[in-house]
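Have a look at the structure below, then the notes.
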Amino acid sequence: IFDQDLKFKSQFGCYGRADGCFKFPYGVASDDENNLYVADHFNNRVSLFSPEGDFVEHLITAQDDIARPKSIAIKHSRLYVTHGDI
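Residues 1 to 86 (full-length UniProt numbering) make up the sequence shown, in order.
Below, the structure written as structure tokens:
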């Protein structure tokens, strides 16, 4: 995690399939409350983390017909995700 001046603040996560871990985090976005959204490409999911980097929940998974999420954005409290082999 970097601040507005691009100074390193902290990091979180690990490699794997467990909650809070990643297998190729491809896209990252934040909302107005500084929550973090991570598109985890090879785990086929989008996960939500608190501003401190604590895992909250998986918002979208392969069970929701998402495949290899890539880009991610938040606008007006809506989550936008591109996925697949685009």
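Just so it is clear, CB atoms sit at the ideal spot from N, CA and C, and this is done for glycine as well.
Reduced DSSP secondary structure (H/G/I, E/B, other) of residue i
| i | result |
| --- | --- |
| Asp64 | helix |
| Asp5 | coil |
Length of the line joining the Cα atoms of residue i and residue j
| i | j | result |
| --- | --- | --- |
| His41 | Val56 | 18 Å |
| Lys9 | Arg17 | 25 Å |
| Ser47 | Leu59 | 6 Å |
| Ile74 | Ser30 | 7 Å |
| Val38 | Asp64 | 16 Å |
| Cys21 | Thr82 | 20 Å |
| Thr61 | Asn43 | 8 Å |
Identity of the residues DSSP links to residue i by a beta bridge
| i | result |
| --- | --- |
| Leu79 | Ile74 |
| Phe22 | Tyr15 |
| Gly27 | Ala39 |
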